[in-house]
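Following: one structure in structure tokens, then a few remarks.
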Amino acid sequence: MNDTVSPRALTPDSFESDQEIRWCPGCGDYAIIKSVRKALADIGTDPDQVVFVSGIGCASRFPYYMATYGFHTIHGRAPAIATGVKLANPALDVWVVGGDGDMLSIGGNHTLHAIRRNIDLNILLFNNEIYGLTKGQYSPTSRVGTRSPSTPMGSVDYPVSALVFALGAGAHFIARTIDTLQKHVPDVLKRAHAHKGASFVEIIQNCIVYNDGVFDDFTAKDVAADRQLHLEHGKPLRFGKTKEKGLRFDPKSMKLEVVTLGENGVSEADLVVHDETNRTLGTMLAAMEPPDFPAALGVIYCSPAESYDHAVKAQIAAARSKAPAADLNALLRRGHTWTVDRPQA
Amino acid sequence: MNDTVSPRALTPDSFESDQEIRWCPGCGDYAIIKSVRKALADIGTDPDQVVFVSGIGCASRFPYYMATYGFHTIHGRAPAIATGVKLANPALDVWVVGGDGDMLSIGGNHTLHAIRRNIDLNILLFNNEIYGLTKGQYSPTSRVGTRSPSTPMGSVDYPVSALVFALGAGAHFIARTIDTLQKHVPDVLKRAHAHKGASFVEIIQNCIVYNDGVFDDFTAKDVAADRQLHLEHGKPLRFGKTKEKGLRFDPKSMKLEVVTLGENGVSEADLVVHDETNRTLGTMLAAMEPPDFPAALGVIYCSPAESYDHAVKAQIAAARSKAPAADLNALLRRGHTWTVDRPQA
Amino acid sequence: MAMDGSAARKQEPAERQELDSVVVRFAGDSGDGVQLTGSRFTETVALAGNDLETFPDFPAEIRAPIGTTYGVSAFQINFGSRVIMTSGDAPDVLVAFNPAALKTNVGDLKQGGLVILDVGTFNDKNFEKAGYKGNPLEDGSLTRHRIFPIDVSKHTLEAVKDSGVNKRDGLRAKNFWALGLVDWMYDRDVAPTIKWIESKFSKEPEIAKANIAALKAGHAFGETAEMPDGVRGFTLRRAELAPGLYRTITGTESLAYGLIVGAKLAGLDLFFSSYPITPASAVLHALAGLKAFGVTTFQAEDEIAAIGAAIGAAYAGALGITSSSGPGIALKTEALGLAITTELPLIVLDTQRAGPSTGMPTKTEQSDLNLAVYGRNGDAPLIVLSARSPGDAFDVAIEAVRLATQFMTPVIVLSDTYISNAAEPWLVPDVGSYEPFPVGFRTNPEGFHPFVRDEKLARPWVKPGTPGLAHRVGGLEKNYNSGNISYDPINHQRMTDARKAKIDGVANAIPEQAVEQGETTGRLAVVGWGSTYGPIYRAVSNVRRDGKAVSHIHLRHIWPMPRNLGELLKGFDQILVPEMNTGQLVGMLRNQYLVPAEGLNKVMGRPFTISEIEAAIRSKLD
Amino acid sequence: MAMDGSAARKQEPAERQELDSVVVRFAGDSGDGVQLTGSRFTETVALAGNDLETFPDFPAEIRAPIGTTYGVSAFQINFGSRVIMTSGDAPDVLVAFNPAALKTNVGDLKQGGLVILDVGTFNDKNFEKAGYKGNPLEDGSLTRHRIFPIDVSKHTLEAVKDSGVNKRDGLRAKNFWALGLVDWMYDRDVAPTIKWIESKFSKEPEIAKANIAALKAGHAFGETAEMPDGVRGFTLRRAELAPGLYRTITGTESLAYGLIVGAKLAGLDLFFSSYPITPASAVLHALAGLKAFGVTTFQAEDEIAAIGAAIGAAYAGALGITSSSGPGIALKTEALGLAITTELPLIVLDTQRAGPSTGMPTKTEQSDLNLAVYGRNGDAPLIVLSARSPGDAFDVAIEAVRLATQFMTPVIVLSDTYISNAAEPWLVPDVGSYEPFPVGFRTNPEGFHPFVRDEKLARPWVKPGTPGLAHRVGGLEKNYNSGNISYDPINHQRMTDARKAKIDGVANAIPEQAVEQGETTGRLAVVGWGSTYGPIYRAVSNVRRDGKAVSHIHLRHIWPMPRNLGELLKGFDQILVPEMNTGQLVGMLRNQYLVPAEGLNKVMGRPFTISEIEAAIRSKLD
Ligand SMILES: Cc1ncc(C[n+]2csc(CCOP(=O)(O)OP(=O)(O)O)c2C)c(N)n1
Ligand SMILES: Cc1ncc(C[n+]2csc(CCOP(=O)(O)OP(=O)(O)O)c2C)c(N)n1
Ligand code: SF4
Ligand code: SF4
Ligand SMILES: [Mg+2]
Ligand SMILES: [Mg+2]
């Protein structure tokens, strides 16, 4: 089980463990793990300094396949357990992996609080809009009407948007990418890693067995250009095969709208310019859904603030520097004490 | 323990149970319960048709003091338990009461999912930014730097905003009010009750023992006018002692800004007009914090959609009407059966 | 022996040999249609009047790569002319569709058992995937068994060539070819399977045609081809089953139906809330499809919300039920305490799987008994029942509803992976033959207090909305009568005692413990609970046939224990308690009755075999 | 008897009566400074060389309206010249600051006990709030006791009139007046209290002056005023305590310090995560203030996150600790299974409170034992320890750290509300006198596998970041050696057996069970655990003084049990197990050793009295 890798010549293979992968053939998770390994190789962290923490689900098998430290925990609790890992040893590079059920259903609260605290974790949510491992029940991200073993007549509850939720939780970094985007995923992950604090990345993932093609409306080759908006900070929001479309903001309705450049006198100057630090824009971008809008991809919001682990350790350091000679015997003797003499013989 | 009340002549007293209230003298909860009783009397629901479900905490003692059906459950689980009550009997008028710890710390996930599903509950969060019942530890809504028994050097994690969180969860109705506003609270509650689906109301509540005055920056009499924005659908966003101030929207930064009417040529026409159905506006209003901005009060967002309980029951009705003669003996005999004859003697 | 069965020549017609019972296992890749073959064969066997029990063994992975050992799916059936109690210790016959299936299953086969092997899948790639160094037919590793290699793939393709399907679809019919052959071996009629194929594939007539052709060809192959040594036709007589209408039923179906019938008998609406988990989800799926019976199912955000909603529904006057497996049951422990202290009826189904923690989710075990009986903060007694077989789960579910509603208490029902997936013939009962036990909701405000108890110590159940009965309940200690919050020391003792006495008193509302087999006193009692029923029963009867004094006692009611159980156990010199855990019931029996009960423990994720228990019994009696 | 003590005249100087021990209770409104009075008196008594034990009893409400019965706060102290084991069965003296305090406490007083009553608070409003129909001094309800009514309020105001405080602040000094009087009664020195007041109120000199004046006045009142019958000066000799430096310590402090010292001895950083809950939060508060010792405390979003973070910290190589009370411990059960199966060290503190469910959060109980030992899905063994007294908790905490880290396992430490709030004198140990037990983190990649066990069956602990040792752990079943996921049946049995054997083997690493008092065989053993230590010890010694053969055995290590316990118990004809639950340890002893142990059960939210246990012992021996 031990994996010795020289940190000098890191390649994606340096992050490949000796365990045979057991996802279904064709599962989107294969592409994701490839990209994660590539991102880590590019980042260049020593695999021995990296910890992957996951919950339970298909996605959560992830740590077994990484030649890093790994903890496959229990359903929904990975953000909490990872919080302990990071607080106990902030020098570690801690990644959290889980599915939509793991992180937004049973684990929603831990996800919320990890994000709110802004602890320096890289949180990767593999969203396939279904419970893969338990054979296909609908999840909190499944669209209304999803037929599944537990909803034979179709689901009736409204899905939660992972990224809108994350912003509601006070996220300082959110991004979205798609399993099959072999260049985009590593790029997004590198940004997530570079962000100190909780980075929350939604990775759209196709479950070929229980929810095949559910994202085709924006991931399929033929529609991708028209339904994907690749964000770049400081660049206007353009998309479409020839980048002929864009997003304009209507201040009256406070809504984004899709426009075509050149039509009705629309020019690039009319388009919104992406500003990662703008929360209102981020919220609108995160909420966009095909087919009426393109899905926003890339770093949607990034606005750094002190990380929780940093602040916690700073307090401890402050307390220590105030009482540098903290001594256990002295501690036990704090407050009032008295002495009982040897009994008078 | 039984309370018999004629539904005809409802007064606030009709909702007063025989149990002595045990909140600390001066606690904001006293004012709130008065307003809740008034709202219910005004609504005119038969107390026997009303159920109050709560978690654990000072706020959660609420049901004991109401002459309705009530369930003081366990910490954090009230939204889940109330979901069962409502699904089992959608005719009941179900109210959920809890504190900021109850609903946003341990119970955050149930709050999230009750809101997401849009089940027809009236959820009242009493936010005192502290754990009252357990003697004053900081809560997820406590401001950075809060000194408490568990954070003697001050808290370092960022608070979550109850209402921004609720919007992130997909809320269809959010509102905010303040314990001491004796007219405003019942008005808001009546709106919440009228909304079919999950209504989420944050009630700012002063904990006189462990967090006294923490909201003074916008609730104190002398600053109230300048720091409270009372919303009315279709009305411009104005506040201040003489309503001399207002909120303008800057489409470039996509941010709200405080302006003074008459200054720099600002007129009422420049102000944002409140639109309860606008999610972007709602998100910005919910996030506003004194002292830079006034706290938004009243119905911030209201955009009805089919409630979960309604949709669930509709499916059952549809299934029943398709198979009106659903018979248990037939069910047991579904699929392949065969007969074993009496043994040949 | 020819590698290719097609080379065999016509067999002389021979007398079929008569068998008492036989165990057949089909094994192949997840995509080979093994489960389908198994259930078709089950139906055929059932219609022929045999008793049977089946057990499917799914791979842990959702969809493993083709040809791998961990992608192997298996289905075992034990059938016979006598009463069948288990799905069989070891197969007599293994039908293996590829090398991986051979590899993972051949070890379980009886010494000298028959392996029917599709050598059409024998190639180096598949050998490697299965972890074989070379062709296992040639490395001498299979000498303990009789091997019958046939190129099933080739035969199938030949058989389907006129049905108009392409090669891929044609090959997919090979499970039917094998089924045909097995049908022939055991003298089973192919007609019911043909009928099933026709209706199932009515919209794909070519597929139907191909499958039927393959089935018939397999059967004909048996009739006409020369068989190797020992492969011959067998026959089994009808079992002597009670007369009536039968179906096969799994534990999952049985529980779902039992709950619906229980709700009906109680006069309640059924509210079922759960969070998916293997293997418990199956009950959620079953009930979700039964909305026409007024069932409300709710997939909650987690197990705590699931039990929470069920408690809320119970408070609102419905039959609140929640279900899960080990890890999810663990999560429900806090909320269970609330249901206990508010004295609301609630049913908690635990389909036990191998633990601890996530453990082996697809494997069976009985290790949640301690959790069920003891796993709560405070003194928090409740009722624990257990199902012994798929069919028994139906009656246990009804009993759970009866006790929960009559005593106003949570009831935990223990089942396990084995019971939930196994199937057996079931004499379908008439719902009208069950005595109803309608809930009498309190409606009279006169003298009402929510915690005033009846003679069973049960408190009144009130539907919110009932005029004049508005009241509050909660998790804090309550005054013995008024139900108001009370911190009074004497009152707490009184309430604690009352909660305990109520559950202890359930012993008066349940049958005395019966002895399944054997005398009521003697040298040895074998005491079991849950799905060990089959192997214990058969092991005890095997030993008894040799004239030895051993009795079988099997608990349905685990907590409280039947009122005569202590006396009964004291009548035996030795007590042996087989359990699929490290010794949980055995501890309770020792604690309750100070009897020197000993454990026989197997924690392998699979049921006891009859012979394991038989050996233990014999060693006790020697 | 005069209603107003001021009317009394100077008393003739009399010999002080010598006492062995005495129990005093102060009771008043939450705002009356009762807890402060108690702890000042405690210090005075301790400095005078008596042994003592104290117990504060807080109201359940945060801040109840003044004068109500549910707002009464009380503080009891038992002190004497002999070794003090409990905070006392029944007070000899009650100091009651208002009618509500009288009402709620007088019933506990010894027959003939003395009530010092502040009649300055006697008025109709306060009578009504206390639930009295009229003046209790006039309705004949207090005849069982000797009543000493004094207008403490008036005396206090007189005493403070020159100190410059307003009336409100002046009145608040009345607790010091009462303390002065009690100091006089028991011949205690007021000097330490004066010193304390001076330092405490150094920034409010008037308040200090007033308090000191009141204290002195109360003392002088005793010296000078004529006392009613039986109110006289007493004296108590120094107790024979082991020589050395003492302090008073509560169970909360003791646990917190023990954990810090344990971490130090193990060479680990301490990571403590918890979610607030009464009464467990106190440990979180204590540790949160000790950051200078490198302690990291984390207030998690709930109990599951709290244990999760502690497990994560353990994985990362720190000493992970979590704590809670009943409902929160119940929530941790699923995650505990993960720590067990990944074999990580973890400490779980359970400060037990009255259950089930929310129960009575401020009251004591011992009803989580079953949960601790049995409350997990699957076969999931761990270590359970219990603390018998405030001071003992220190050593138990260290023992927990030692066992958790040496055996790579979770350890549950059971304490309770009583222990956590009670205080006793504590001979402060020298940290240097404890044998260190440094953790040897694995660093050598040679032959490393995460689940290869040492002779104690413990697996290696590796800090992430260690070069060459990257590995994965998880909740699924693991191969016995490599730790890779395994569904192999034989392996699961082997791992299950190993997990059990490891915990069973802890019995070899702990001391044999000692007998606290009495012979190692005999007619009756009284077996206890946890905070029943004091009353059992004293009850047994009382009965033994009469020459009866009874022994006291007290368990610190509950799971596994000490290796000689079975033999020891079998040497007694009868075994009596007093527990503050409906019978949990008693069941384990019966199960483990088939001994006819019987329970003595009290579930009232308060400790056993010595006399209750004594009576039960005598009835066994009669
Ligand atoms: C406490 C608990 N509850 C439920 C389960 C069963 N379970 C395992 S994975 C899973 C959800 C899987 O869905 P998701 O998290 O979206 O991951 P995916 O398999 O789709 O990658 C569930 C419900 C469990 N293992 N533990
Ligand atoms: C499972 C569980 N965990 C913890 C507690 C302890 N507890 C009771 S109330 C509370 C929080 C109180 O704060 P909040 O919800 O904000 O309500 P408030 O008292 O401020 O109204 C906590 C932690 C509990 N009762 N149960
Ligand atoms: S079930 Fe779906 S998510 Fe899981 S491994 Fe298979 S394809 Fe991937
Ligand atoms: S502690 Fe605070 S919130 Fe609780 S009752 Fe007292 S004042 Fe109100
Ligand atoms: Mg998923
Ligand atoms: Mg609060």
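Residue numbers (the working numbering), protein chains in the order written: chain A, -5 to 339; chain B, -5 to 339; chain C, 2 to 623; chain D, 2 to 623. C-beta atoms are modelled at their ideal positions from N, C-alpha and C, and glycine is treated no differently.
Look at residue i and residue j and say whether their C-beta atoms are less than 8 angstroms apart.
i      : j      : result
C/A311 : C/G321 : yes
A/G101 : A/R71  : yes
C/K524 : C/L622 : Just to set this straight, residue 524 of chain C is Arg in the shown sequence, not Lys. Yes, Cβ-Cβ distance for C/R524 and C/L622 is below 8 angstroms.
C/I576 : C/E517 : no
B/V203 : D/I63  : yes
D/R443 : D/P430 : no
Could you name the residues that DSSP lists as bridge partners for residue i?
i      : result
A/M60  : A/E10
D/V528 : D/I554
If you draw a straight line from the C-alpha of residue i to the C-alpha of residue j, how long is it?
i      : j      : result
B/L115 : B/A305 : 14 angstroms
D/G469 : B/D286 : 53 angstroms
D/L20  : A/D303 : 57 angstroms
B/H166 : D/F76  : 52 angstroms
C/V296 : B/A82  : 10 angstroms
D/S487 : B/R31  : 60 angstroms
D/L182 : D/R189 : 10 angstroms
Compare the C-beta of residue i with all C-beta atoms of chain A and state if any pair is closer than 8 angstroms.
i      : result
D/I312 : yes
C/K292 : yes
C/Y71  : yes
Strictly under 8 angstroms for the Cβ-Cβ distance: is residue i near chain D by that measure?
i      : result
A/F65  : yes
B/C296 : no
B/F135 : One detail in the question is off: residue 135 of chain B reads as Thr in this sequence, not Phe. Output row for B/T135: interface = no.
Please confirm whether residue i has its beta-carbon closer than 8 angstroms to some beta-carbon of chain C.
i      : result
B/N323 : yes
B/V306 : yes
Please check if any C-beta of chain B sits within less than 8 angstroms of the C-beta of residue i.
i      : result
A/L265 : no
Give me every residue whose Cβ sits closer than 5 angstroms to any heavy atom of ligand 8, in chain order. In terms of ligand content, the structure shown lacks ligand 8 and carries ligand 1, ligand 2, ligand 3, ligand 4, ligand 5 and ligand 6 instead.
Members of the region 41 to 67 of chain D near chain A, C-beta cut-off 7 angstroms: E44, A47, L48, G50
Interface positions of the region 273 to 284 of chain C facing chain B (Cβ-Cβ less than 9 angstroms), listed along the chain: S274
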